[in-house]
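Q:
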Amino acid sequence: MNLITEAAKALRDIGKGMAVVSRAAEKGKHTNLYPFEMPEIPPVSCQSLALIIEADGTDRCVSCLACEKVCPSQVITIERTRNPEGKGFVLERFDIDLVNCMYCAACVEACPVSAIVTIQDFELSTYDLQTLKADKAFLDEQGRRAKQWYSPKLGVEYRNEQGEIQVAPLEQQPGGEAELLKQADKESDN
Amino acid sequence: MSIPAALMTGPTVLEPVVGKTDEMIVNLGPQHPATHGVLQIVLGVDGERVTRAVPHIGFLHRNHEKIEESRSYAQVIPYLDRMDYVSGLQNELPYCLAVEDLAGLEVPERAKYIRTAMFEFNRIISHLVWVGTYMLDLGAITPFLYAFRDREMALDIIERTTGGRMLPNYFTFGGVRRDVHPKFWQDLLDFLDYFEKVVPEYETLTVDAPVFQARSVGVGLLSQELAVNHGISGPNLRASGVAHDLRKDQPYDAYPELDFSVITRDEGDVWARSKVRMDEIYQSIDLIRQCAELAPRSGPYLARGRVKIEAGEQRYRAAEISRGQLGVYIHSDGGTGPYRSKHRSPSFVNLQIIPDLFIGQKFSDVIAILGSIDIVLGEVDR
Amino acid sequence: MALSSDKRSQLKRIPIPEDRHFKPQLVGYNPKTPNRLAEVLAHSLLYFVFVGLLLLIYGVLPWLFKLPGSPLASGGSFTTTGAVLYGILAAVLSFLVAAVAALILILVLRKYLGLVQNRYGPMHNGPAGAFQTIADAVKMVAKEDFVPGKADALVFTLAPLMVFVSAFLLLTIIPFAPGWVLANLNVGLLFIVAAGTIGAYGVLVGGWSINNKFGLLGGLRAAAQLVSYEIPLSISLLTVAVWVGSLNLMDIVEAQKLWWTAIPLLISAAVYLIASLAEIKMTPFDLPEAESELVAGFNTEYSGMRFGFFFVAEFAELFLLPAIAVVLFFGGYYQPLAGFWDFADVLRGLGAEGSTLNQFGGLLASAYGMLWFLLKTALLSYLVIWVRATLPRFRDDQLMELCWKVLIPLSLIGLAVAVILRLVFK
Amino acid sequence: MSTEAAINLEDLPTLRQQTICGEKVYQLEDPTAYRQLCERLLAAGYDFPQCLSGVDMEYGLRTVLHLRRLSDQAELTLWLDVPYDRPHVPSVSDLWGGVDWHEREAYDLVGIHYDGHEDLRRILLEDHWTIHPLQRRYDTGGYLIPDWQAKPWPDWDAIAKEKEEAARKAAEAAEKRAAAAKAKAAKAVKPKEGEGGAKKPPLSEVKKTSDQVAKPKAAQTADDLTKIKGIGAHYVALLKEQGITRFEQLANLSDDEAKRLEEKMNFKDRIAREQWREQARALQEGKS
């Protein structure tokens with residue numbers, strides 16, 4: 010008798026499992042059809058690095074070498090010369106070996122002027138690894154193509170249709186929570 | 195096929211268990227679908243019964259410890275992600291705790307809750323990978339895809355906050371690297387609301403399923419004494435009836451404020467290990483809910499301070515990650531980086547037990563037991 | 327690591343091309359903008375081919391042979407030449423039938439797994455991936471014919487053929503409709519047992535010949551499993567013979583016109599279904615090729631079309647064993663409760679006796695029966711696929727325990743029940 | 006056997022005991038004593054082997070054993086230093102199975118030989134490797150650093166004496182400061198005592214004072230200030246810089262002093278808001 014109840018229970022449990030499997034079809038497809046359908050990538054996501062050029066065409070980078078010092082994989086190489094006309098430096102060379110880069114975004118955090126930023130362009134696949142030894146032109150180009158980017162100092166920024174750089178609204182910013190709460194408090198006070 | 199003599203040395207049981215038949219040497223790995231990476235186990239089998247087992251590791255060795263000697267304290271953190279790449283965030287915590295202890299940094303309240311919630315969230319992610327790959331080991335493909343379906347959703351939440359999916363580089367000394375997204379807690383709660391309804395499905399397909407029970411009950415028995423003596427930790431230890439959980443025994447971050455109890459089972463077999471992990475998923479859901487309730491919504495997320503550690507200072511700190519006790523031993527010489535940092539990775543220690551568990555078992559059970567220990571080879575080889 | 331400046335100057339500067347990313351083209355079909363009609367047609371196409379082949383073999387060929395004035399038939403039956411010619415043609419075509427059945431089932435399995443696993447399944451070749459298996463078949467045929475150096479070349483070559491022939495032989499005795507059977511043997515049940523067992527040899531020697539340890543283990547597992555599960559399978563076949571009183575499959579189907587055999591012989595039917603799962607080597611009984619333990623089991627070293635034979639044989643069995651179950655237990659080509667009212671009888675009654683309409687009606691009636699047969703088979707195959715999607719696999723000793731301790735006693739009980747019922751009711 | 010009985014200093018003459026970062030650390034130089042101590046610790050209930058690491062100390066090799074007692078979660082750290090030319094340490098893998106692979110790893114990477122280990126082979130590197138990469142004489146590429154020189158073996162007695170001296174000085178200074186605080190001298194905050202100073206201590210030297218030395222003055226100094234709500238490890242350090250280590254001192258702060266302290270340490274009203282003085286008074290009373 011015990012055997013029969015056990016067998017019945019086992020069959021019932023198998024049936025439950027089969028029901029779960031067949032019901033799962035209701036959850037729909039969860040696969041991304043990648044080349045035809047791009048995944049939604051959040052603005053803070055670090056998929057690649059880029060240098061930002063202001064709307065007037067000047068570099069944001071001030072060649073302070075902070076990123077070069079902080080990089081754990083030591084893949085950033087910067088060369089600079091003294092600016093003959095005024096203060097500061099002229100950026101001669103800015104290379105990132107994106108092959109060895111581990112996308113930890115330590116350089117982005119170290120940058121005092123938010124010149125080097127994380128972008129969402131994850132499609133760095135290439136036939137030639139040499140292409141990924143990115144020089145300044147490459148990084149500038151990435152920055153120019155990026156629709157939005159992130160740096161801890163200035164938050165999420167994006168380029169509008171006129172080519173001007175603007176900071177994204179609080180809802181998209183990390184840490185916007187506290188600010189939003191303050192605003193809500195003020196509104197409730199009023 | 196001849197096997198190099200060096201591979202066959204080691205303390206093993208040599209006598210065939212059944213009858214007087216020829217022993218066959220089978221190389222399980224390094225390229226084998228069930229070894230979860232590059233692990234080699236040289237098995238002697240007598241028919242289907244295992245007479246000896248010699249594990250070989252190191253195929254994924256990167257010598258992080260040597261690299262870390264030439265990095266500063268903060269530069270080490272991205273390397274830690276790469277140890278246990280299934281739950282990258284959890285690896286960073288013990289190291290941060292140790293450095294905070296040494297440098298006397300105090301973590302702000304809000305950062306503690308963020309770290310704890312993230313830590314538990316990674317436990318869910320890690321256990322999801324375990325469910326999937328373990329069922330794949332046992333021959334069922336479908337739960338694997340369910341697990342990865344839900345894991346992708348969870349990783350999306352991590353990505354929205356940290357910027358990385360598996361290797362986020364998020365925790366740091368004195369808090370977290372950047373503030374959370376405004377919808378962070380709501381994101382978490384929404385996911386948990388969905389996920390809580392899905393976990394019973396996993397249970398139906400795994401621990402409640404008759405075929406799974408047939409494969410797991412009474413298999414791979416690990417006694418309490420053996421487990422403790424071999425330093426086994428995590429769900430493997432708790433499934434053997436030892437209520438050792440560093441979240442309770444040596445609480446860190448926000449765990450002292452949270453209400454939970456250590457999950458144990460007395461059976462010590464593969465099924466108990468699975469059940470403990472399933473229950474831990476529920477526990478993690480509950481803990482994240484508590485964090486979301488208790489966490490302050492504004493305030494500092496990072497206590498900035500200079501990491502200056504005197505010469506001769508040393509510290510061993512451990513945290514209970516999803517696989518067990520991940521410890522970091524830091525020895526300082528007063529420089530900018532660790533003079534020596536040793537990682538006590540749980541998989542590395544848990545893997546030692548396999549000759550004891552394998553010998554005398556069936557070949558199929560070897561796979562079941564190996565999967566139930568839940569190893570990540572990136573962490574074993576470091 | 328950072329490069330020194332002189333080394334960096336040597337680096338080629340490669341400009342970023344506008345489309346630096348490889349963007350593949352969708353070959354057949356975009357699931358985001360589905361064309362339902364094309365999709366359904368494409369998926370039905372294989373099925374139409376399958377039904378068409380069957381119709382060709384059993385309906386059109388004999389009709390052609392028996393056309394007035396044909397030298398191949400005289401007085402309603404074949405001459406010797408006609409019989410030989412028909413036999414050869416039918417054998418070639420039924421090879422295609424088996425292959426197409428396997429192709430359909432592979433596609434169905436993939437699509438079904440995709441559905442329940444929240445993904446798409448095949449979708450790039452042809453509308454909704456309908457031609458994926460055909461593309462796979464082409465790929466397998468085009469692959470290098472490879473024999474491992476340490477393998478026994480002769481046995482290595484023969485093993486897949488043995489497995490395939492075993493599956494293929496079963497096809498010849500299946501009555502798809504009244505009279506639609508290639509070999510209407512008086513000992514059909516015995517033939518099922520005999521032909522089915524050849525496959526076990528194929529798997530065993532295949533696993534042994536590749537000289538691979540995983541293959542050997544897989545082959546031994548397969549031998550143990552298939553031989554063991556032959557016993558409950560054969561005993562449940564025997565119950566049918568006892569109940570019906572004939573070994574001829576046509577007779578067995580005819581006896582089920584009113585009631586299916588599965589109704590009195592429920593236990594035997596259940597035992598047969600479970601044992602046939604093991605014979606097909608599908609989860610939870612896929613130990614011979616348990617991919618997480620034995621890498622690929624007995625076919626570890628097989629590639630190309632040799633592997634293809636194993637693969638096709640497995641899926642042909644996925645069609646054939648349910649088909650045999652339908653013949654023995656679920657009323658064969660009869661619609662349910664055909665004893666009360668049968669639409670086939672209506673079709674058969676069309677026109678006057680011997681007229682063209684009457685002949686056409688007879689053909690239609692047979693096709694109608696065949697469709698019922700295929701429907702029942704498809705449902706059973708779907709059940710097997712569903713089980714495969716859900717369950718993990720057993721351990722080898724549990725597999726044996728299930729066979730010797732559960733299924734064989736159960737099948738003996740089923741036999742006793744059959745004997746008692748026979749004595750009481752007939 | 007209790008922990009105290011297990012660690013009997015008279016039995017094991019080379020055993021040194023110190024507190025580093027709040028943890029008790031036991032240091033040994035005699036391998037046989039190490040083995041003896043480990044056996045006793047196992048008997049004392051230290052059943053859970055947490056970690057075993059090898060460290061190259063630049064004068065010799067050190068094996069560091071971290072043990073835990075699951076019954077009361079007590080932790081213990083054990084150091085054993087051996088010279089480069091004789092890097093032999095008795096294996097304890099027969100006592101705790103869990104250190105088996107740790108010992109193999111320490112052998113592999115640091116080059117400590119564990120005598121009595123059943124299966125001392127390389128574990129992470131391949132068998133044909135000849136170097137032990139975590140030794141300081143090899144660079145990250147695995148090459149010998151040409152000008153690398155081993156340091157002389159530290160004179161532990163001298164270091165202990167030095168430390169004792171430093172500790173006494175610190176105690177005196179603390180007493181002075183206490184006295185000054187009592188006298189309510191307005192300029193109680195003295196320039197920092199030079200315990201780190203210009204002379205950098207050798208690597209092997211441990212910064213914190215040894216327990217044996219610290220015992221006599223333990224009554225005088227170093228109350229656990231973290232018991233006060235609002236004070237964490239960070240503030241304890243800051244307060245210590247200002248010479249405040251005891252409840253008494255904190256309780257007796259005048260308003261002026263408190264204000265000055267706040268300015269000095271950027272506290273901003275914290276002493277009053279969190280009622281440090283009241284708490285300290287209560288704790289002081291509870292203690293005495």
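Protein sequence lines, in the order shown, are assigned to chains Y, F, L and X.
Residue numbers for the first sequence follow the numbering used here, beginning at 10 and rising by one.
Residue numbers for the second sequence follow the numbering used here, beginning at 195 and rising by one.
Residue numbers for the third sequence follow the numbering used here, beginning at 327 and rising by one.
Residue numbers for the fourth sequence follow the numbering used here, beginning at 6 and rising by one.
Note that beta-carbon positions come from the ideal geometry of N, C-alpha and C, so glycine has one too.
What number of angstroms, rounded off, separates the C-alpha of C76 of chain Y from the C-alpha of I87 of chain Y?
A: Distance between the alpha carbons of C76 of chain Y and I87 of chain Y is about 9 Å.
Q: Can you list, in chain order, the residues of its chain whose CB lies under 6 Å from that of Y396 of chain F, leaving out five sequence neighbours each side?
A: Same-chain partners within the cutoff: V325.
Q: Can you tell me which of L:G665, L:L683, L:V652 and L:T716 puts its alpha carbon nearest to the alpha carbon of M696 of chain L?
A: Out of L:G665, L:L683, L:V652 and L:T716, L:V652 has the C-alpha closest to the C-alpha of M696 of chain L.
Q: Kindly list the residues whose CB is nearer than 8 Å to the CB of I62 of chain Y, restricted to its own chain and excluding five residues on each side of it in sequence; keep chain order.
A: The residues are D68, R69, D149, G152 and R153.
Q: Looking only at DSSP bridge pairs, what is S58 of chain X linked to?
A: The partner list for S58 of chain X (beta bridge, DSSP) reads X:V69.
Q: Leaving aside the five residues before and after H321 of chain F along the sequence, list all residues of the same chain whose C-beta is less than 7 Å from its C-beta, in chain order.
A: Cβ neighbours of H321 of chain F beyond the five flanking positions: R471, E474, I475 and S516.
Q: If you draw a straight line from the C-alpha of M360 of chain F to the C-alpha of Y279 of chain F, how long is it?
A: Straight-line Cα distance between these residues: approximately 6 Å.
Q: Give every residue of the same chain whose Cβ lies closer than 6 Å to the Cβ of M631 of chain L, excluding the five residues on either side of it in the sequence, and list them in chain order.
A: Within the same chain, M631 of chain L has close Cβ partners M466 and V467.
Q: Indicate the three-state DSSP secondary structure (helix, strand or coil) for S57 of chain Y in the structure shown.
A: Strand at S57 of chain Y.
Q: Please report the distance separating the alpha-carbon of A601 of chain L from that of M726 of chain L.
A: The alpha-carbon atoms of A601 of chain L and M726 of chain L are separated by roughly 11 Å.
Q: Name the residues in the region 710-738 of chain L whose C-beta lies less than 8 Å from a C-beta of chain F; which are they?
A: Within the region 710-738 of chain L, the residues whose Cβ lies closer than 8 Å to some Cβ of chain F are A715, T716, L717, P718, R719, F720, R721, D722, D723 and Q724, listed in chain order.
Q: Give me the subset of the region 57-69 of chain X whose CB atoms are less than 7 Å from a CB atom of chain F, sorted by chain position.
A: Answer set for the region 57-69 of chain X: S58, V60 and V69.
Q: On the three-state DSSP scale, how would you describe G121 of chain X?
A: G121 of chain X falls in the coil class under three-state DSSP.
Q: What's the call for Q55 of chain X, buried or exposed, on a 16-neighbour Cβ count within 10 Å?
A: Counting Cβ neighbours within 10 Å, Q55 of chain X comes out buried, since at least 16 surround it.
Q: Could you name each continuous beta strand (DSSP E) segment of 3 residues or more that falls completely within the region 132-195 of chain X, going from the start of the chain to the end?
A: As far as the region 132-195 of chain X is concerned, it has no whole beta strand (DSSP E) run of at least 3 residues.
Q: Kindly indicate which residue of X:E267, X:E63 and X:L70 has the alpha-carbon position closest to the one of L33 of chain X.
A: L33 of chain X has its Cα closest to that of X:L70, out of X:E267, X:E63 and X:L70.
Q: Is it the case that the Cβ atoms of P453 of chain L and E556 of chain L are separated by a distance below 8 Å?
A: Going by C-beta atoms, P453 of chain L is not nearer than 8 Å to E556 of chain L.
Q: Report the neighbours of K38 of chain Y on chain L: residues whose CB is nearer than 7 Å to its CB, in chain order.
A: What K38 of chain Y touches in chain L: N444, R445 and Y446.
Q: If contact means a Cβ-Cβ distance below 8 Å, which residues of the region 106-122 of chain Y contact chain F?
A: Going along the region 106-122 of chain Y in chain order, one finds M111, Y112, C113, A114, A115 and E118 with a Cβ nearer than 8 Å to chain F.
Q: Could you give the residue range of the beta strand (DSSP E) that holds H93 of chain X?
A: Element bounds for H93 of chain X: H93 to P95.
Q: Once DSSP output is grouped into helix, strand and coil, what is the label at N221 of chain F?
A: Residue state, collapsed to three classes: strand.
Q: Using the three-state DSSP reduction, which class does I553 of chain F fall into: helix, strand or coil?
A: Correct three-state label for I553 of chain F: coil.
Q: Give a yes or no on whether 8 Å exceeds the smallest Cβ distance from L705 of chain L to chain Y.
A: No, L705 of chain L lies away from the interface with chain Y (no Cβ there is under 8 Å from its Cβ).
Q: Taking buried to mean at least 16 other C-beta atoms within 10 Å of its own C-beta, is R714 of chain L buried or exposed?
A: Classification of R714 of chain L: buried, given that the 10 Å Cβ count is 16 or more.
Q: Report back the beta-carbon spacing between E109 of chain X and R126 of chain X to the nearest angstrom; my notes put them in contact at under 8 Å.
A: Sequence check: residue 109 of chain X is Arg here, not Glu. Right, the Cβ-Cβ distance comes to about 7 Å (below 8 Å), so this counts as a contact.
Q: For G771 of chain L, collect the residues of the same chain with a Cβ closer than 7 Å to its Cβ; drop the 5 residues on either side in sequence, then sort them by chain order.
A: Here chain L comprises residues numbered 327 to 752, so residue 771 of chain L is not present and cannot be evaluated.
Q: Check the Cβ-Cβ distances between H226 of chain F and every residue of chain L, and say whether any is below 8 Å.
A: Interface residue, yes.
Q: At 4 residues or longer, what runs of the alpha helix (DSSP H) sit wholly inside the region 234-303 of chain F?
A: Complete alpha helix (DSSP H) runs here, min 4: 258-263, 267-275 and 282-297.
Q: Does the contact criterion of 3 or more C-beta pairs under 8 Å hold for the region 479-491 of chain F versus the region 455-465 of chain F?
A: The answer is no - the region 455-465 of chain F does not touch the region 479-491 of chain F, with fewer than three Cβ pairs under 8 Å.
Q: Quick one: is K220 of chain X buried, meaning 16 or more other Cβ sit within 10 Å of its Cβ, or exposed?
A: The pLDDT assigned to K220 of chain X is 40, lower than 50, so where the model puts this residue is not dependable; a value taken from the coordinates is nonetheless given after this. Classification of K220 of chain X: exposed, given that the 10 Å Cβ count is below 16.
Q: Using DSSP with H/G/I as helix, E/B as strand and the rest coil, what is R126 of chain X?
A: Three-state result, R126 of chain X: coil.
Q: Mind listing the chain X neighbours of I261 of chain F? Cutoff is C-beta to C-beta under 8 Å, in chain order.
A: Those within 8 Å of I261 of chain F in chain X are T145.
Q: Output yes or no for whether 8 Å exceeds the beta carbon distance between V413 of chain F and A247 of chain F.
A: No, these two residues do not count as a Cβ contact at 8 Å.
Q: Kindly indicate the opening and closing residues of the beta strand (DSSP E) around R168 of chain Y.
A: From DSSP, the beta strand (DSSP E) with R168 of chain Y extends over G164 to R168.
Q: Between V293 of chain F and chain X, is there a C-beta pair that is closer than 8 Å?
A: Cβ-Cβ to chain X under 8 Å: no for V293 of chain F.
Q: Looking only at its chain, what residues have a beta carbon closer than 6 Å to the beta carbon of V750 of chain L, apart from the 5 residues adjacent to it on each side?
A: Hits under 6 Å: none found.
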